[in-house]
Amino acid sequence: MPIVSVNIPQIGEGLHEARVVALLKQPGDKVRRDEPIYQMETDKAVMDVESPVEGTLVSWSAKVDDIVPIGAEIAKFETGGDAPEVTAAPVQPAQSGVASLFVPQIGEGLQEARIVAFLKNPGDDVKRDEPIYQMETDKAVMDVESPYAGKLVEWTAKVDDVVAIGAEVGRMEVGEGVAVAAAPAHGASAPVQTRTQRTVQAPAGGVKLQGIPPRSRAYAKEKGIAPEALVTIPFAGSKIMPADIDAFLAGGATSQVSSSGLKYTEKALPGKQRVLNSRMVRSNSLVVPGTMTVVAKWSPIEDERARLKASGSNFQPSAFTMFSFAVTKAMSEYPAFRSSLAGDDKLRTYDNVSLGIAVSLPGDELVIAVVDGADALGWKEFASAMRERIDLARSGKDQAHEAVTVSLTNMQAFGLRDAIPVVVAPSMATIFLGETFRDIDEAGRLQKVVNITMTFDHRLANGVGAAEFLNKVKEYVENISEVLK
54 MPIVSVNIPQ
64 IGEGLHEARV
74 VALLKQPGDK
84 VRRDEPIYQM
94 ETDKAVMDVE
104 SPVEGTLVSW
114 SAKVDDIVPI
124 GAEIAKFETG
134 GDAPEVTAAP
144 VQPAQSGVAS
154 LFVPQIGEGL
164 QEARIVAFLK
174 NPGDDVKRDE
184 PIYQMETDKA
194 VMDVESPYAG
204 KLVEWTAKVD
214 DVVAIGAEVG
224 RMEVGEGVAV
234 AAAPAHGASA
244 PVQTRTQRTV
254 QAPAGGVKLQ
264 GIPPRSRAYA
274 KEKGIAPEAL
284 VTIPFAGSKI
294 MPADIDAFLA
304 GGATSQVSSS
314 GLKYTEKALP
324 GKQRVLNSRM
334 VRSNSLVVPG
344 TMTVVAKWSP
354 IEDERARLKA
364 SGSNFQPSAF
374 TMFSFAVTKA
384 MSEYPAFRSS
394 LAGDDKLRTY
404 DNVSLGIAVS
414 LPGDELVIAV
424 VDGADALGWK
434 EFASAMRERI
444 DLARSGKDQA
454 HEAVTVSLTN
464 MQAFGLRDAI
474 PVVVAPSMAT
484 IFLGETFRDI
494 DEAGRLQKVV
504 NITMTFDHRL
514 ANGVGAAEFL
524 NKVKEYVENI
534 SEVLK
């Protein structure tokens with residue numbers, strides 16, 4: 054049988070060498086095509102490299118920690134035939150006009166990628182090798198750099214789209230004589246540079262996040278499953294697929310006997326609880342919580358409720374709706390409470406308030422109702438929208454999304470005066486409203502008050518900023534008649 058060489062692949066322009074990090078196969082091992090056989094490190098990423106051939110590994114031509122040139126031989130394989138030839142995408146001089154941008158092939162075995170973010174907008178001038186978008190493959194999230202200098206005309210895909218390798222993702226206006234690549238075939242290299250921004254690595258405990266297809270990651274995100282929970286889902290084939298996620302959420306029940314002889318029933322958690330659990334587990338590893346409480350006079354809200362009842366109007370919002378409107382007004386004045394972290398070092402502040410409201414369902418399930426653009430609504434519009442969104446949540450529809458930065462939980466009906474709420478990322482705060490109780494005011498008189506307790510993410514607000522916001526909520530609660538005008 055013929056012996057063929059396997060060489061260090063060219064995964065992007067401008068790379069000249071790579072370090073061998075690990076050899077995943079031993080001489081004599083049988084290897085399938087597209088099976089990872091070694092790891093290498095370039096200026097841009099540490100990555101698994103997959104075999105371009107099927108056969109038996111004869112020998113390694115380099116050792117761990119060797120620095121080898123791109124294109125150099127790394128191994129020899131005994132195969133049943135000639136190794137497939139990998140060809141570069143053809144290029145041709147272009148007249149001044151529009152050139153397509155293709156999703157690059159950066160390694161053997163990759164079939165698709167998810168669009169994570171666009172770094173340029175249509176109309177922007179772009180330099181060659183300037184990062185223009187981010188994509189996620191089975192192996193990494195990376196910046197993709199422009200192969201041309203010119204002006205971005207349009208994006209032909211959207212954020213979160215899962216697109217095939219080699220598919221068009223955008224179009225650019227380029228100058229006369231620029232060499233333009235045709236769409237790359239599978240295995241071909243498009244003239245696009247990549248720079249890894251965040252390599253998917255194993256979290257604590259050694260669970261590997263590598264190898265989960267972008268389509269499955271996008272589907273899990275749609276279902277509210279955090280990456281930490283995604284890697285625990287059992288799967289039937291070689292990779293986790295959307296059907297495996299559906300099976301995980303469907304669950305089932307079985308009766309069993311423990312090793313002690315005691316009988317028990319074991320069943321999968323309800324799907325909504327699994328989603329909530331995955332969010333909370335993720336939050337536990339991200340959020341740096343701080344908690345504080347203010348005592349607010351509640352009689353102004355009760356007085357406003359009594360006034361509305363006496364008016365005989367059909368408009369009869371609850372006291373909690375009034376409280377929620379007060380929180381919304383405070384959020385509109387404090388940008389930190391309309392913010393979340395995008396990665397570790399970018400602050401994303403939303404123009405408008407998306408207010409989350411915890412809604413309890415039968416069986417102790419919990420979903421979130423969301424009033425989007427809450428700060429842009431007048432009082433009556435807000436009350437109507439909040440009622441509609443809560444009704445939708447009670448039908449089982451969880452509306453949580455990444456722009457919900459503050460959520461409210463109302464425990465007045467359960468006799469709870471105090472609690473420490475939990476922040477579920479990417480939200481930055483959860484506010485607890487306790488039952489009313491009587492306290493003595495500064496003049497020695499009994500009055501109705503409530504505890505308003507907030508847990509917040511200390512990465513987004515410090516103590517003074519959080520205290521100022523919470524006191525603004527208190528101020529609006531105690532002056533609710535003015536707020537509702």
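In my numbering, the protein residues as written are 54 to 538.
The beta-carbon is built from N, C-alpha and C at its ideal position, and this holds for glycine as well.
Values in this document were obtained by computation on a predicted structure and should not be read as measured data.
query                                                                                                                                                                  : result
Taking the beta strand (DSSP E) that Ile-421 falls in, what are its first and last residues?                                                                           : 418-424
Find the nearest neighbour of Gly-468 within the set Gly-487, Pro-474, Asp-451, judged by alpha-carbon distance.                                                       : Gly-487
Applying the 10 Å Cβ sphere with the 16-neighbour rule, what's the burial state of Lys-211?                                                                            : exposed
Taking the C-alpha atoms as reference points, what is the distance between Ala-128 and Ser-58?                                                                         : 6 Å
Give the range of the beta strand (DSSP E) segment to which Thr-109 is assigned.                                                                                       : 108-113
Start and end of the alpha helix (DSSP H) containing Leu-205?                                                                                                          : From DSSP, Leu-205 is part of no alpha helix (DSSP H) but of the beta strand (DSSP E) over 203-208.
Taking the C-alpha atoms as reference points, what is the distance between Val-347 and Ile-505?                                                                        : 5 Å
Assign Val-347 to one of three DSSP states: helix, strand, or coil.                                                                                                    : strand
Using alpha carbons as the reference points, say which of Thr-402, Tyr-387, Ala-436 lies closest to Ala-372.                                                           : Ala-436
With a threshold of 6 Å on Cβ separation, who are the neighbours of Ser-480 within its own chain once the five nearest residues in sequence on each side are excluded? : Val-457, Thr-458, Ser-460
Per DSSP, Asn-463 is paired with what?                                                                                                                                 : Leu-486
Could you tell me the alpha carbon to alpha carbon distance between Val-216 and Pro-105, rounded to whole angstroms?                                                   : 22 Å
With DSSP run on the structure shown, which of helix, strand or coil describes Gln-369?                                                                                : coil
To the nearest angstrom, report how far apart Lys-530 and Trp-351 are at their CA atoms.                                                                               : The identity of residue 530 in the sequence shown is Val, whereas the question assumes Lys. Answer to the nearest angstrom: the Cα atoms are 7 Å apart.
Which same chain residues, not among the five before or five after Pro-80, have their C-beta less than 8 Å away from its C-beta?                                       : Leu-110, Val-111, Ser-112, Trp-113
Between the region 179-186 and the region 114-126, can you find at least three pairs of beta-carbon atoms closer than 8 Å?                                             : no
Who are the Cβ neighbours of Val-424 in its own chain at under 6 Å, not counting the five residues just before and after it?                                           : Leu-408, Ala-438, Met-439, Arg-442
Going by DSSP, what residue range makes up the alpha helix (DSSP H) through Ile-354?                                                                                   : 352-364
Please return the same chain residues whose Cβ sits closer than 7 Å to the Cβ of Glu-207, not counting the five positions on each side in sequence.                    : Pro-175, Gly-223, Arg-224
Does Val-457 come out as helix, strand or coil in the three-state DSSP assignment?                                                                                     : coil
On the DSSP letters alone, give me the boundaries of the beta strand (DSSP E) that Gly-518 sits inside.                                                                : No beta strand (DSSP E) contains Gly-518, which is instead part of the alpha helix (DSSP H) from 516-531.
Check Val-151 in the structure and name its three-state DSSP category.                                                                                                 : strand
For Ile-123 and Arg-72, which I take to be in contact (beta-carbon distance under 8 Å), what is that distance rounded to the nearest angstrom?                         : Actually they do not touch by this definition, with Cβ atoms about 12 Å apart.
Any idea what DSSP makes of Lys-292, helix, strand or coil?                                                                                                            : coil
Pull up the distance between the alpha-carbon of Met-345 and that of Thr-508, whole angstroms please.                                                                  : 7 Å
So Asp-510 is in the beta strand (DSSP E); what residue range does that whole segment cover?                                                                           : 499-510
From Ala-541 to Phe-368, what distance separates their C-alpha atoms?                                                                                                  : Any question about residue 541 goes unanswered here, given that the chain covers just 54 to 538.
Going by alpha carbons, who is nearest to Leu-339 out of Ile-90, Asp-356, Ile-484, Leu-513?                                                                            : Leu-513
If you compare alpha carbons, which of Glu-126, Gln-92, Phe-130, Leu-76 is closest to Arg-86?                                                                          : Phe-130
For Asp-213, which residues from the same chain have a beta carbon less than 7 Å from its beta carbon, with the 5 sequence-adjacent residues on both sides left out?   : Arg-167, Ile-168, Ala-271
Since I believe Pro-89 is in contact with Glu-107 (beta carbons under 8 Å), could you give me their beta-carbon distance rounded to a whole number of angstroms?       : Not a contact, Cβ separation roughly 14 Å.
Bridge partners of Met-93, per DSSP?                                                                                                                                   : Val-73, Met-100
Let me make sure I understand the geometry here. Which of Leu-154, Lys-525, Ala-482, Asn-60 has the alpha-carbon closest to that of Glu-226?                           : Leu-154
Considering Ala-411, what are the terminal residues of the beta strand (DSSP E) in which it resides?                                                                   : 408-414
Which residue marks the beginning of the alpha helix (DSSP H) containing Ile-443, and which one marks its end?                                                         : 432-447
Give the single residue among Val-284, Lys-276, Leu-445, Gly-277 whose Cα lies nearest to the Cα of Ile-265.                                                           : Val-284
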